[in-house]
Amino acid sequence: MTPAPDDPSEQFAAERELAVSAAREAGALLRSRFQDDYRVRAKGDDGDVVTELDVLAEELIVGRIQERFPHDRILAEEAGALEGDRAANGASRTWLIDPLDGSNNVVIGLPAYVVGIALCVGDAAAVGVVHDPVTDRTWTALAGCGAYGPLGRMTGPGRSLSPAGPLLAWTQGHGVARDDPTAGALKEVLEVRSRRLLQLWAPLLTWSMLARGAIDGFVGYRAEAIDLPAGALLATEAGVEIRALDGSPFRGNATGPDTDRSFVAGRPDDMPYLLDLVERSAAAGVR
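Sequential numbering from 1 applies to the sequence shown in this note's numbering.
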């Protein structure tokens, strides 16, 4: 049967195909240069870095998108906003590119990094792609159509929480101070009550782990904007629930303030337990 013209799986098929191709091409570049000497410089005053590889991979991805969709706006991690002729589309379409999520890992020789690409229509993510150059695995999601990886459709965490505690991950935005009391209290509670708390320095890699059920939950505090749409789309399309820290519906996106990008993500059945952990940090009077 021929799909209806408004079938979401067909509506953004070309965009997903391009994003997968560009992410894999950029990933091959990163993988080939991982052990080379390359330029590294500080990015701001918070300890973040940018490498020559970030720039090369980003230029590759931007070029591929501009060739195929020249009217679309692009928001890239290093280059910033690149305006297209959005009026020609009749819709506000923005590509978000993180060409090397995990730059700090790469600099110290830790092979934990991914390439992330998302397409947002308005504030809503329509396409999300995460590619791991190290393992050559790619995870994709289309809004309303599910999330898929090398083993097929992803369904998020499928097991009940271990009596030893959940396997959780943590991320915080670069703008969060090291002595931020809320971040400190949250991490302290998560460390004590979880079996293990991962801090990977690569949020998109973490989102892919959650979507495929490798970890039980993910907590973010004032998360970075560039990573959120692709990662959150992977997770929600895999059946993961995302809530704000106070338990309300999560409404964070790439355009709002970072205070709207704090979240708890996990299996719906586990959400009461995960939110209780957040409440334990609130009991200390820090949220």
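Backbone N, C-alpha and C define an ideal beta-carbon position, used for all residues, glycine too. A quick note: this is a predicted structure, and the numbers were derived from the prediction, not measured.
> Can you tell me the Cα-Cα spacing of Asp98 and Ala282, whole angstroms?
Replying inline: Stepping through the sequence shown from its first residue, residue 98 is reached at position 98. Stepping through the sequence shown from its first residue, residue 282 is reached at position 282. Looking at the two C-alpha atoms, the distance is approximately 32 Å.
> Just the Cα atoms here: how many angstroms apart are Leu82 and Ala225?
Replying inline: Here residue 82 refers to the residue found at position 82 of the sequence shown. Here residue 225 refers to the residue found at position 225 of the sequence shown. The alpha-carbon atoms of Leu82 and Ala225 are separated by roughly 16 Å.
>> According to DSSP, is Glu241 part of a helix, a strand, or is it coil?
In response: Translated into positions along the sequence shown, residue 241 becomes position 241. Here Glu241 sits in strand by DSSP.
> With a Cβ-Cβ cutoff of 8 Å, do Val130 and Trp201 count as a contact?
Replying inline: Start at 1 with the first residue of the sequence shown, and residue 130 comes out as number 130. Start at 1 with the first residue of the sequence shown, and residue 201 comes out as number 201. Their beta carbons are not under 8 Å apart, which means Val130 does not touch Trp201 by this criterion.
>> If I measure Cβ to Cβ from Ala244 and keep anything under 6 Å in the same chain, skipping five residues before and after, which residues do I get?
In response: If you number the sequence shown from 1, residue 244 lands on position 244. Cβ within range, chain order: Phe250.
> With DSSP run on the structure shown, which of helix, strand or coil describes Ile108?
Replying inline: One-based indexing of the sequence shown puts residue 108 at position 108. Here Ile108 sits in coil by DSSP.
> Per DSSP, Trp95 is paired with what?
Replying inline: For this step, residue 95 is matched to residue 95 along the sequence shown. Note: Trp95 sits in a beta bridge opposite Ile74, Leu119.
>> Taking contact to mean 3 or more Cβ pairs, one atom from each stretch, closer than 8 Å, check whether the segment 221–241 and the segment 109–121 are in contact.
In response: yes
>> Below 8 Å, how does it come out for the segment 155–173 and the segment 212–225: are there three or more Cβ pairs, yes or no?
In response: yes
> Bridge partners of Trp170, per DSSP?
Replying inline: Along the sequence shown, read from residue 1 onward, the residue named residue 170 stands at position 170. According to DSSP, which records beta bridges pairwise, Trp170 is partnered with Val219.
> Can you name the residues that DSSP bridges to Asp269?
Replying inline: As a first step, residue 269 is located in the sequence shown; it is residue number 269 there, counting from the start. For Asp269, which the question treats as bridged, DSSP gives no partner whatsoever.
> How many angstroms separate the CA atom of Gly213 from the CA atom of Gly165?
Replying inline: Translated into positions along the sequence shown, residue 213 becomes position 213. Translated into positions along the sequence shown, residue 165 becomes position 165. Distance between the alpha carbons of Gly213 and Gly165: 15 Å.
> Name the DSSP bridge partner or partners of Thr140?
Replying inline: Against the sequence shown, residue 140 aligns to sequence position 140. Answer is Val129, Tyr148, bridged to Thr140.
> Among residues of its own chain, excluding the 5 on either side of Tyr38, which ones have a beta-carbon nearer than 8 Å to its beta-carbon?
Replying inline: On the sequence shown, position 38 is the one that residue 38 refers to. Here the set comprises Thr51, Glu52, Leu53.
>> Three Cβ pairs or more, each shorter than 8 Å: is that satisfied between the segment 9–22 and the segment 142–149?
In response: yes
>> Considering only their Cβ atoms, is the gap separating Arg261 from Val127 smaller than 8 Å?
In response: Taking the first residue of the sequence shown as 1, we reach residue 127 at position 127. Taking the first residue of the sequence shown as 1, we reach residue 261 at position 261. Cβ distance not < 8 Å, so Val127 and Arg261 don't count as in contact.
> Going straight from the alpha carbon of Gly27 to that of Pro133, what length do you get?
Replying inline: In the sequence shown, the residue the question calls residue 27 occupies position 27. In the sequence shown, the residue the question calls residue 133 occupies position 133. Rounded to the nearest angstrom, the two C-alpha atoms are 5 Å apart.
>> Rounded to whole angstroms, what is the Cα-Cα separation between Val286 and Lys187?
In response: In the sequence shown, counting from the first residue as 1, residue 286 sits at position 286. In the sequence shown, counting from the first residue as 1, residue 187 sits at position 187. At Val286 the pLDDT is 45, less than 50, meaning the model places this residue with poor confidence and gives no usable figure here.
> Can you tell me where the alpha helix (DSSP H) with Thr206 in it begins and where it stops?
Replying inline: Locating residue 206 in the sequence shown gives position 206, where the first residue counts as 1. First-last of the alpha helix (DSSP H) with Thr206: 203–211.
> From what residue to what residue does the alpha helix (DSSP H) around Thr259 run?
Replying inline: Here residue 259 refers to the residue found at position 259 when the sequence shown is read from its first residue. Neither: Thr259 is in no alpha helix (DSSP H) and is coded neither H nor E.
> Under a three-way DSSP split, which group does Thr236 fall into?
Replying inline: By 1-based counting over the sequence shown, the position of residue 236 is 236. Three-state DSSP puts Thr236 in a helix.
> When you compare each of Asp123, Tyr273, Asp48 to Val107 by their alpha carbons, which one comes out closest?
Replying inline: In the sequence shown, the residue the question calls residue 107 occupies position 107. That would be Asp48, whose Cα lies nearest to the Cα of Val107.
> In this structure, does DSSP put Val49 in helix, strand or coil?
Replying inline: As a first step, residue 49 is located in the sequence shown; it is residue number 49 there, counting from the start. Strand.
>> If you measure between the beta carbons of Pro265 and Ala147, is that distance less than 8 Å?
In response: The count along the sequence shown starts at 1 and reaches residue 265 at position 265. The count along the sequence shown starts at 1 and reaches residue 147 at position 147. Checking the displayed sequence, the identity of residue 265 turns out to be Ala instead of Pro. Against a cut-off of 8 Å, the Cβ pair of Ala147 and Ala265 comes out as no contact.
> Which whole-angstrom value describes the C-beta separation of Gly84 and Arg68, a residue pair presumed to lie in contact below a C-beta threshold of 8 Å?
Replying inline: Within the sequence shown, the letter at position 84 stands for residue 84. Within the sequence shown, the letter at position 68 stands for residue 68. Actually they are not in contact, since the Cβ atoms of Gly84 and Arg68 sit about 12 Å apart, beyond 8 Å.
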